[in-house]
Amino acid sequence: MRSDAAIVVLTGAGISAESGIPTFRGEDGLWETEDGGAYRIEDVCTPEAFRRDPALVHHFYDGRRRALRTVSPNPAHQALARLDRDWPGDLLIVTQNVDDLHERAGATRLLHMHGALRSAWCAACDARMPWEGDLGDAPACPSCGAGGRLRPDIVWFGEMPYEMERIEAALAAADLFVSIGTSGAVYPAAGFVRMAAACGARTLELNLDPSAGSAWFDEVRSGPAGLLVPAWVEEVLGR
Ligand code: BV8
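Structure follows, in structure tokens:
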């Protein structure tokens, strides 16, 4: 591939699975509550769910934010960070994930289209800010002082993903689109392969097993991201 080629990489929960973060729709796709119950991501990941039961939704996200302290980037995150550092052409890593493992591996040409666990958003003053602790105990907004108005800075179902114009421009200019560790179940991310292909990009899927979108890709490689991604980055960097 030309060394000035433009690459767009889309990642999903599968790239973080080997770091110990559960995916959404595998056999572990239900989220357990303390009393042994379970609920689906689609049931707690909506503005309506937050209005209906903010404590449950905060509990869900506070638990996932705390879990970030116990996990580390895996070889797939590290390989993408190496590509980010060494690839001379344009590169954009678009992650659906809300963990910070891409950043912690060193990636910088990165955007979180579904938000981030370590960010809070004030419904009173609209400020967004880095956030490490819980939100369930209704802390005051550091910007405006309003109490109990902070929500997770997460894109829920029915909400517009972040930076869509920047993503669409990158897809239109891409020579190569690579999808890693996503089931192709959630839009608009699941439609990116078709947008890139329509603009002339070659398309590659790296996933544990075929996804809902595999038929749209020029090439599909099945296996764990921790093996496939470092091998692919070696190929691309030509060494
Ligand atoms: C919007 C928040 C419009 C963060 C998430 C009907 C048809 C089409 C679309 C819709 C429809 N009805 C509604 C919609 C739109 C809806 C949607 O797509 N619904 C789906 C369920 C049908 N989408 C939306 O609402 C989006 N917004 O459309 O806005 C709009 C227009 C105008 C004005 C306003 C709005 C917003 C979608 C974002 C929702 N937020 N999460 C969080 O809590 O984490 S979605 C959630 O799913 C996560 O973000 C996650 O990233 C995302 C996708 O899941 P995956 O990452 O793919 O994870 P999954 O578990 O599914 O798959 C893991 C994969 O990894 C598997 O394939 C597995 O094989 C693989 N794997 C596992 N282990 C490994 C591995 N691969 C490699 N190595 C391994 N070791």
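For the sequence shown, the working numbering begins at 1 and goes up steadily by one.
Even glycine gets a Cβ: it sits at the ideal position worked out from N, Cα and C.
Here the structure is a predicted model, which is why all the values come from computation and not from measurement.
Residue i versus the options, residue with shortest Cα-Cα distance
i, options, result
"A301", "F60, P54, T46", "The structure shown does not extend to residue 301, since the chain is modelled only from 1 to 239, so the question has no answer here."
"S19", "L237, P152, A225, E219", "A225"
"A124", "A138, A197, A146", "A146"
"G184", "A6, T46, F24", "F24"
"G238", "N74, F50, D86, R65", "D86"
"L10", "A197, R65, L110, L68", "L110"
"G158", "N74, G12, V57, A49", "A49"
"L206", "P22, M1, A76, A55", "A76"
"C122", "P152, I7, A196", "P152"
"I15", "R166, E235, D100", "D100"
"V98", "G136, R65, D90", "R65"
"L56", "A67, R69, R40, L83", "R40"
"L204", "I7, T46, L117", "I7"
"L259", "L171, A212, P188, S211", "A question about residue 259 goes unanswered here, because the residues of the chain that appear run from 1 up to 239."
"G63", "T95, A127, L176, D137", "D137"
"R221", "E234, A198, V178", "V178"
"G89", "D218, S3, A17, M113", "S3"
"W232", "L176, S211, A189", "L176"
"E132", "D126, D43, S119", "S119"
"A201", "A212, S211, E219, P210", "E219"
"P47", "M164, E235, I154", "I154"
Integer Cβ distance of residue i from residue j, believed to fall under 8 angstroms
i, j, result
"A81", "A107", "5 angstroms"
"L150", "P139", "6 angstroms"
"W216", "V186", "With a Cβ gap of about 15 angstroms, W216 and V186 do not count as contacting."
"G12", "G181", "5 angstroms"
"L208", "G223", "7 angstroms"
"A174", "A196", "5 angstroms"
"V229", "I167", "In fact, because the Cβ distance is near 20 angstroms, the residues do not count as touching under 8 angstroms."
"P73", "R104", "5 angstroms"
"Q249", "A17", "Given that the chain is displayed from residue 1 to residue 239, the structure contains no residue 249 and the question cannot be resolved."
Residue range of the alpha helix (DSSP H) that includes residue i
i, result
"M164", "164 to 173"
"H112", "Not the alpha helix (DSSP H): H112 falls in the beta strand (DSSP E), residues 110 to 112."
"D153", "D153 -> not in any alpha helix (DSSP H); beta strand (DSSP E) instead, spanning 150 to 154."
"P54", "54 to 67"
"R2", "From DSSP, R2 is part of no alpha helix (DSSP H); its letter is neither H nor E."
"V94", "Careful: V94 lies outside any alpha helix (DSSP H), inside the beta strand (DSSP E) at 91 to 95."
Limits of the beta strand (DSSP E) - the one that residue i falls within
i, result
"Y39", "38 to 40"
"P73", "Element bounds for P73: n/a, residue is neither H nor E."
"A123", "Element bounds for A123: n/a, residue is neither H nor E."
"R221", "219 to 222"
"E159", "Premise fails: E159 is in no beta strand (DSSP E) and is neither H nor E."
"L176", "176 to 180"
DSSP state of residue i mapped onto helix, strand, coil
i, result
"I7", "strand"
"E234", "helix"
"I21", "coil"
"P130", "strand"
"A13", "coil"
"A215", "helix"
"L228", "helix"
"A201", "coil"
"A190", "helix"
"L101", "helix"
"L117", "strand"
"L80", "helix"
"A241", "What is shown of the chain runs 1 to 239, which leaves residue 241 out entirely."
"A138", "coil"
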